[in-house]
Every structure is written in C-alpha cells, then in structure tokens.
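Take the sequence shown: its position 103, counting from 1, is numbered 102 in numbering that gives the first Met the number 0, and each next residue is one higher. Ideal Cβ positions, reconstructed from N, Cα and C, are used throughout, including at glycine.
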Amino acid sequence: MASSTTGLTRIFKAAGYSWKGLKAAWINEAAFRQEGVSAVIAIAIACWLDVDPITRVLLIGSVVLVMIVEILNSAIEALVDRVGTDYHELSGRAKDMGSAAVLIAIILAVVTWVTLLWPHLRG
C-alpha cells in the first residue's frame with residue numbers, strides 16, 4: 000500500500016498528518032495538555048536563564064522528549080483501545096509499558112534540569 004505521492008506534495012501531506020496528530024493529542028489527552036503547558040513554561044525558563052547554548056538545548060530537549068514519549072504512549076493506548084475493550088494481559092502490559100516510558104522521560108528531564116542548574120542554584 001505504498002503511496003504514489005512524492006516530492007514536496009508528500010512533505011506537505013506528511014506535515015498535515017503530523018499537525019492532525021498534535022491536534023488530536025491536545026484535544027483528547029489531558030496528560031499531553033498538562034505536559035504541554037509545563038513544557039512551554041520550562042522552555043521559557045530555559046530561554047530566560049543565563050546558561051550556555053549546550054545547557055539550554057539539553058534543558059529544552061529533555062522536556063520536548065517528554066512530549067514525544069507522551070504522544071507515543073497515547074498512540075499505543077489508542078491502538079489498544081481500538082482493538083478491543085476487553086481486558087487482556089498483553090493490552091494491559093502495553094499500556095503500562097507506555098506509561099513507564101513517560102515516567103522515565105520525566106525522571107530524565109528532572110535529573111537533567113537539577114544536574115545542569117545545581118551549580119547556578121548553589122550560588
């Protein structure tokens with residue numbers, strides 16, 4: 000089922016699908032909205048802080064990674080729910096693993112921020 004669309008048309012269509020996915024995540028996923036607001040605040044703080052460019056990229060990248068993992072987790076949950084609402088051990092495991100991935104990304108972001116900003120906070 001390969002698409003015959005190529006070149007710029009393919010890029011524009013792909014961008015449209017991506018935008019549709021972001022919109023769906025924002026509308027349907029409360030966790031994505033909460034993490035999105037947190038990310039905007041964190042990115043604003045990272046831009047405001049007097050840190051070197053590499054530190055700023057790491058601070059911003061760590062919170063953007065949380066958003067990426069949340070979208071993947073939401074996709075897994077949507078697919079599992081589409082397949083069926085009956086409880087199945089593998090469905091539960093898939094959802095739990097997606098949630099665990101989000102938790103690990105959040106922990107990574109917190110550790111990144113604390114590690115990079117600790118010297119600035121100590122004075």
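- Remark: fewer than three beta-carbon pairs, one from each stretch, lie closer than 8 Å, so the segment 72–91 and the segment 33–43 are not flagged as touching.
- Contact between the segment 49–59 and the segment 85–101 is absent, with fewer than three C-beta pairs closer than 8 Å.
- For the pair Leu57 and Thr111, the Cα-to-Cα distance works out to about 7 Å.
- Counting along the chain, the unbroken alpha helix (DSSP H) around Val65 starts and ends at 52–82.
- DSSP, reduced to helix, strand and coil, places His119 within a helical segment of the structure shown.
- Taking one beta carbon from each stretch, the segment 21–30 and the segment 84–92 have fewer than 3 pairs nearer than 8 Å; the two do not touch.
- Per DSSP, the continuous alpha helix (DSSP H) segment holding Ser17 begins and ends at 6–27.
- The three-state secondary structure of Asp85, taken from DSSP, is coil.
- By the 16-neighbour rule on beta-carbons within 10 angstroms, Ala13 is exposed.
- Closest in C-alpha terms to Ile105, from the list Ala41, Trp47, His119, Ile10, comes Ala41.
- Exposure of Gly60 is indicated by the presence of fewer than 16 other C-beta atoms within 10 angstroms of its C-beta.
- Contact between Gly97 and Leu71 is confirmed by a C-beta separation of about 7 Å, below the 8 Å threshold.
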